[in-house]
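Enquirer: These protein sequence lines are chains A, B and C, in that order.
Using the numbering used here, you'd call the opening residue of the first sequence number 0 and step up by one each time.
Using the numbering used here, you'd call the opening residue of the second sequence number 245 and step up by one each time.
Using the numbering used here, you'd call the opening residue of the third sequence number 154 and step up by one each time.
I have a structure I would like to understand better, so I am pasting it below and will then ask my questions one at a time.
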Amino acid sequence: MKVLNKSTKQIENSSGHGLHVPRVYNVKWLSFPYIIWMAGFIIVPLILIIFYGLTNKEEGFSLENISLIADPVNRKALFLSLKLSLTSTAICLLLAYPLAIILTNIKMKSNSFIVLILILPMWMNFLLRTIAWQNILEKTGIINNMLAFLHLPALNIINTPTAIILGMVYNFLPFMILPIYNVLIKIDKDVINAARDLGASWRQTFIKIILPLSLPGVVSGITMVFVPSLTTFVISTILGGSKIVLIGNVIEQQFRLGNWHTGSGISLVLMVFILLSMAILSKSDKESEGSNLW
Amino acid sequence: MVKKFFERFYIAIILLFLYAPIAILIVLSFNASKSRAKWGGFTLNWYKELFQNEDIMSALTTTLIIALISSLVATILGTTAAIAINSMKKTPRTILMTITNIPMLNADIVTGISLMLIFVALKFTLGFTSVLLSHITFNIPYVILSVMPKLKQLSPNTFEAAQDLGASRVYAFFKVILPDIFPGVLSGFFLAFTMSLDDFVITHFTKGPEINTLSTKIYTEVRKGIKPEIYALSTLMFVTVLLLLILINRRGAEKKAPVRKV
Amino acid sequence: MKKLTLVFTMVLGMCLLAGCSNAGEKVYVYNWGEYIDPEVIDLFEEETGIKVVDDYFESNEEMYPKIKAGAVQYDVVCPSDYMIQKMIEEDLLTEINFENVPNIKNIDPSYLKSSEQFDPGNKYSVPYCWGTLGILYNKTMVEEPIDSWSAIFDEKYSGNILMIDSVRDAFGIALAYLGYDINTTNETELDEAKTLLQEQYPLVQAYVVDQVRDKMIGGEAAIGVIYSGEAIYTKRENPDLEYVVPKEGSNVWIDSWVIPKNSRNKENAEAFINFICDGEIALKNFEFITYSTPNSIARNLIKDEDIKNSTVAFPDQTVLDRCTTFQYLGEEVESMYIDKWNEVKSQ
């Protein structure tokens, strides 16, 4: 039997945690397939967007595509998107946080049952769920049928920004509930008990202990709701009757009509904006390295 | 207690909100009348029509095949990458993790568009393969992010110990490391599978005329007017997933919620 | 290890299956949605053994960049008049070899003559369908019979109007209503049209193209802007609906089959076009899509006298006199139209 004695070399563990494959065995090569893939399918495409965004049809360098974001039409779309996505994110947060707290206090045999119930709607196709809302909100849809039955005036929600907000909240609420819930159940009950023992009121306990500890989950949730809702074009197409034009619709339309330069220009601005806000947000959450998915 | 009542009431309302639209879709799938608002009698017709509808069935097959293959490939690439990244020094690790995070942070419309641009630049005809490659691309980060935490939890010495006892590198990997990180690999696989199944935007930009996934097929139907077969399909999907999740939950490992010490 | 091998073999097998469907003769057809009878396609595939792969677009402006970029190679496409004119000018089409399309003789010569407006010499296109743009309204939901574009700008129908989501059509309507040429390049006139459309925005229930059919049949709106071809179908499904070409004038259009230059299956494309031009096939197609056919054999074979002589499907000269065909106005003016349309919709 071979006895490998190379492994007894003392090597400084600079990563500080986890599986330590002694560098003698150099597994870095394992990452080469991935690096090549990444370079080809993540980096180069992004460079392409930057390239298209910064040039115009005559192949010259130009900032005109970027400046298009200031164009009144695009500005309106951007502000509307911001307004709707911020509102939806806030609503999701307000709805999700209490729910997460309630859920952590429930004694259930296995808390994965709760997770299951909440994930289940997410497994339904995203488009189908949005279409379902179209059915509910339509002029001749479910709500108006019920109202007509009760001789109440019809509600005209479809094809308005309100419908879009509804659609966004509906689609993204589970994404806000889960991260917060995951973080909350990991809080050691002993810590809370200790605080109470030391005389803190529920309110103080909440503000000083629970809230700060739950922050990574909140940040995670906000990320998972804000970005998709800011850039969606599907929800506004299905629930907006082509009357509501969000920034996602603008970009999609530009690409559909073949204006790759203008489309890329607007996408670039959007990308930078998102990355900046994410960077600011993640300042308050240094540990996660993005692993707060579940 | 009043508090308990309000709590239960609140949960009930949220659940109602989440499930009402799905309930409506299910009900409509049995509606004999094509109209969305009027009940025309109970029928199983749409379920029959669904299975005879070539377009929808082929879209369904395509969706499943793409999801399966892309998540398999992503799992392999992602797991190996995670192991490699984990053994790197801080700087290259941070760089690679940042780039890994890009497809997830970026709006999917930007990811979809960027992928379309590169396919066109390479004069690569858009079709099944372009969609598959795109799905693998956005799936890998999910796998890496699922496997990494598991890698971090491993004891540093297990690998060495195995080799001290005479195992070759490969043997040690498959018999010692893989079983320990397997939950992460598995959840990465399922996560990738789910993301691929549900994807619309990226597929929308990278597909060719011959290919339709379920999502893109539904999208074209939305603009024309929904066929009731779609409701039947959505009901079947819901029931399938419900059964699957119940099964998994029954067999499933109890999630040990690691206690967070302050 | 065994399990893994099994899984891999399965995956490989599926990959091969997925790739298998690529064998055999094909023709890639790029067409408007719901614009051809699926049974006609089946008949074509049976008779010729050529598999039809179809893709859809909702507007000329969406179809054009795909052809231009060439990311997908279509064999036969069905654009409208002004778009064909543009594509010819930009050298995107290839001349059709009419020896492979003998059924062209079935097309009524008057339509070939009209086609010369955008395809001089009839070298690149074969007429497929033609029609007018007008108002479809629900008799029971309006106060009096409609005969003017003023109805879709009228406040009393607020929330009950379905406006067409197409830039040239929308502006064409506004310009016609204001008494201008629908092919104007005059910016002042366009701005007036734009303002009119902006004022209409709050009254519009939704901007639609294909969905207008089902919505009007379902009674979800009182008035819709629609192509004449939809009129017969919708009236069949809901007898309360009436179609009218407003007195201020409107657009008459022809959609024709063309073959892009980068087509890879040109002969299959020509076989396809030839098949569509067969009298019996054209008749069958007409009965499904109900869009007016330029095929004289098909027209004579129409059994239903009402439809054969329908003024909706086959309007008489008085109607046609107040209709104009769209022209291609050049890239700059086109951009101007599109910009103004975006301004209208982004409120």
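Cβ atoms here follow ideal geometry from the backbone N, Cα and C, with glycine treated the same way.
(1) Measuring CB to CB, does A:I186 end up less than 8 Å from A:L212?
(2) Which value, in whole angstroms, describes the spacing of the CA atoms of C:S403 and C:L473?
(3) Quick check: what's the CA-CA separation for C:G133 versus C:T341?
(4) Identify whether A:C91 lies in helix, strand or coil by the three-state DSSP scheme.
(5) For B:Y386, does the count of other Cβ atoms within 10 angstroms reach 16, so buried, or fall short, so exposed?
(6) Among C:L454, C:F467, C:F425, C:S499, whose alpha-carbon lies nearest the alpha-carbon of C:E200?
(7) Quick one: is A:T139 near chain C, going by C-beta distance under 8 Å?
(8) Would the region 408 to 428 of chain C count as touching the region 325 to 345 of chain C if we require 3 or more Cβ pairs under 8 Å?
(9) How would you list, in chain order, the residues of chain C whose beta-carbon sits under 8 Å from the beta-carbon of B:P453?
(10) Near B:L398, what residues of its chain come up, given a Cβ to Cβ distance below 8 Å and the 5 sequence neighbours on each side ignored?
(11) Can you tell me the Cα-Cα spacing of B:G284 and B:L272, whole angstroms?
(12) According to the neighbour-count rule (16 or more other Cβ atoms, all chains shown, within 10 Å of its Cβ), is B:M439 buried or exposed?
(13) For B:A467 and B:A476, I'd like the C-alpha separation in whole angstroms.
(14) So, are the CB atoms of B:L269 and A:A131 less than 8 Å apart?
(15) For C:G186, which residues in the same chain have their Cβ closer than 7 Å to its Cβ, ignoring the five residues on either side in sequence?
(16) By the 10 Å Cβ neighbour count, where 16 or more other Cβ atoms means buried, how is A:V23 classified, buried or exposed?
(17) Would you grab the beta carbon distance between B:A311 and B:F434 for me? Rounded to a whole angstrom, and I think it's under 8 Å.
(18) Looking only at its own chain, which residues have a Cβ that is under 6 Å from the Cβ of A:G240, when we skip the five neighbours before and after it?
(19) What does the alpha-carbon distance come out to for the pair B:I490 and B:A264?
(20) Going straight from the alpha carbon of B:L377 to that of B:A303, what length do you get?
(21) Tell me which residue opens and which closes the alpha helix (DSSP H) that B:N330 is part of.
(22) Tell me, to the nearest whole angstrom, how far the beta carbon of C:V378 is from that of C:I305; I am working on the premise that it is less than 8 Å.
(23) Output needed for C:M216: all residues of its chain with C-beta closer than 7 Å, excluding positions within five of it in sequence on either side, in chain order.
(24) For a quick check, are the C-beta atoms of C:I460 and C:A466 less than 8 Å apart?
(25) For chain E, find out if any of its Cβ atoms is closer than 8 Å to the Cβ of C:E308; answer yes or no.
(26) To be precise: take each residue of the region 347 to 372 of chain C, compare its Cβ to all Cβ atoms of chain B, and keep it if any distance is under 9 Å. Which residues remain?
(27) Quick check: what's the CA-CA separation for C:P273 versus C:V279?
(28) May I ask whether a heavy atom of the ligand FAD can be found less than 7 Å away from the beta carbon of A:I142?
(29) Using 8 Å as the limit for Cβ to Cβ distance, is B:R495 near chain C?
(30) Does any C-beta atom of chain B lie closer than 8 Å to the C-beta of C:E383?
(31) Assign A:G216 to buried or exposed, taking buried as 16 or more other Cβ atoms, counted over all protein chains shown, within 10 Å of its Cβ.
(32) Could you name the residues of the same chain whose beta carbon sits closer than 8 Å to that of B:F250, not counting the 5 residues immediately before and after it, in chain order?
(33) On a Cα-Cα basis, can you pick out the residue from A:I42, A:S30, A:T54 that is closest to A:G262?
(34) Determine, using beta carbons only, whether C:K388 comes closer than 8 Å to chain B.
(35) Compare the C-beta of A:K27 with all C-beta atoms of chain B and state if any pair is closer than 8 Å.
(36) Can you check which of these residues, B:A411, B:A325, B:P347, is closest to B:R337 by C-alpha distance?
Expert: Let's see:
(1) Taking the first residue of the first sequence as position 1, residue 186 of chain A is located at position 187. Taking the first residue of the first sequence as position 1, residue 212 of chain A is located at position 213. Yes.
(2) Within the third sequence, numbered from 1, the residue matching residue 403 of chain C stands at position 250. Within the third sequence, numbered from 1, the residue matching residue 473 of chain C stands at position 320. Spanning the two alpha carbons is a distance of roughly 9 Å.
(3) With chain C covering only 154 through 500, there is no way to say anything about residue 133 of chain C.
(4) The residue given as residue 91 of chain A occupies position 92 in the first sequence. A:C91 falls in the helix class under three-state DSSP.
(5) Walking along the second sequence from the start, residue 386 of chain B turns up at place 142. Buried.
(6) Here residue 200 of chain C refers to the residue found at position 47 of the third sequence. Minimum Cα distance to C:E200 is reached at C:F425.
(7) Counting from one through the first sequence, the residue named residue 139 of chain A turns up at place 140. Output row for A:T139: interface = yes.
(8) no
(9) Taking the first residue of the second sequence as 1, we reach residue 453 of chain B at position 209. Residues of chain C passing the Cβ test: Y181, Y183, V206, D207, D208, V225, Y227.
(10) Here residue 398 of chain B refers to the residue found at position 154 of the second sequence. Within the same chain, B:L398 has close Cβ partners I421, D424, I425.
(11) On the second sequence, position 40 is the one that residue 284 of chain B refers to. On the second sequence, position 28 is the one that residue 272 of chain B refers to. If I take the Cα positions, the gap works out to 10 Å.
(12) Numbered from its first residue, the second sequence carries residue 439 of chain B at position 195. Buried, because 16 or more other Cβ atoms sit within 10 Å of the Cβ of B:M439.
(13) If you number the second sequence from 1, residue 467 of chain B lands on position 223. If you number the second sequence from 1, residue 476 of chain B lands on position 232. Ala is not the amino acid found at residue 467 of chain B; the sequence shown has Arg there. Taking the straight line joining both Cα atoms gives about 19 Å.
(14) Within the second sequence, numbered from 1, the residue matching residue 269 of chain B stands at position 25. Within the first sequence, numbered from 1, the residue matching residue 131 of chain A stands at position 132. The answer is yes: Cβ separation under 8 Å.
(15) As a first step, residue 186 of chain C is located in the third sequence; it is residue number 33 there, counting from the start. Counting only Cβ-Cβ distances below 7 Å, and skipping sequence neighbours, we find Y209, E211, D363.
(16) Position 24 of the first sequence, counted from the start, is the residue given in the question as residue 23 of chain A. The predicted model places A:V23 with a pLDDT of 46, which falls under 50 and marks its position as unreliable; any figure quoted below should be read in that light. Around the beta carbon of A:V23, fewer than 16 other beta carbons lie within 10 angstroms, which makes this residue exposed.
(17) Taking the first residue of the second sequence as position 1, residue 311 of chain B is located at position 67. Taking the first residue of the second sequence as position 1, residue 434 of chain B is located at position 190. That pair is no contact at about 11 Å.
(18) Sequence index remark: in the first sequence, residue 240 of chain A carries index 241 (1-based). Answer for A:G240: N158, listed in chain order.
(19) What you label residue 490 of chain B is simply residue 246 of the second sequence in a count that begins at 1. What you label residue 264 of chain B is simply residue 20 of the second sequence in a count that begins at 1. Their backbone Cα atoms lie some 20 Å apart in a straight line.
(20) Position 133 of the second sequence holds residue 377 of chain B. Position 59 of the second sequence holds residue 303 of chain B. Straight-line spacing of the CA atoms in B:L377 and B:A303 works out to 18 Å.
(21) As a first step, residue 330 of chain B must be located in the second sequence, where it is residue number 86. Run containing B:N330: 298 to 330, per the alpha helix (DSSP H) assignment.
(22) Along the third sequence, one-based indexing puts residue 378 of chain C at 225. Along the third sequence, one-based indexing puts residue 305 of chain C at 152. The Cβ separation is near 6 Å, so the contact holds.
(23) Along the third sequence, one-based indexing puts residue 216 of chain C at 63. Around C:M216: Y183, F210, V230, P232.
(24) To locate residue 460 of chain C, count along the third sequence from 1; it is residue 307. To locate residue 466 of chain C, count along the third sequence from 1; it is residue 313. It is a contact, given that the beta carbons lie within the stated cut-off.
(25) The displayed structure is made up of protein chains A, B and C, and chain E is not among them.
(26) V361, V362, D363, Q364, R366, D367, K368, G371
(27) For the purposes of this step, residue 273 of chain C is taken as residue 120 along the third sequence, with counting starting at 1. For the purposes of this step, residue 279 of chain C is taken as residue 126 along the third sequence, with counting starting at 1. Approximately 12 Å, taken between the alpha carbons.
(28) With respect to the ligand FAD, the structure offers nothing, as it holds no ligand at all.
(29) Counting from one through the second sequence, the residue named residue 495 of chain B turns up at place 251. Judged by the 8 Å Cβ criterion, B:R495 is not in contact with chain C.
(30) Position 230 of the third sequence holds residue 383 of chain C. With 8 Å as the cut-off, C:E383 does not count as an interface residue toward chain B.
(31) By one-based count along the first sequence, residue 216 of chain A stands at place 217. By the neighbour-count rule (16 or more Cβ atoms within 10 Å), A:G216 is buried.
(32) Within the second sequence, residue 250 of chain B is the residue found at index 6, counting from 1. No residues qualify anywhere along the chain.
(33) By one-based count along the first sequence, residue 262 of chain A stands at place 263. Between A:G262 and the set A:I42, A:S30, A:T54, the nearest pair of CA atoms involves A:T54.
(34) The count along the third sequence starts at 1 and reaches residue 388 of chain C at position 235. Taking a beta-carbon distance threshold of 8 Å, C:K388 does not count as an interface residue toward chain B.
(35) As a position in the first sequence, residue 27 of chain A is number 28, starting the count at 1. Closer than 8 Å: yes.
(36) As a first step, residue 337 of chain B must be located in the second sequence, where it is residue number 93. The option with the nearest alpha carbon to B:R337 is B:A325.
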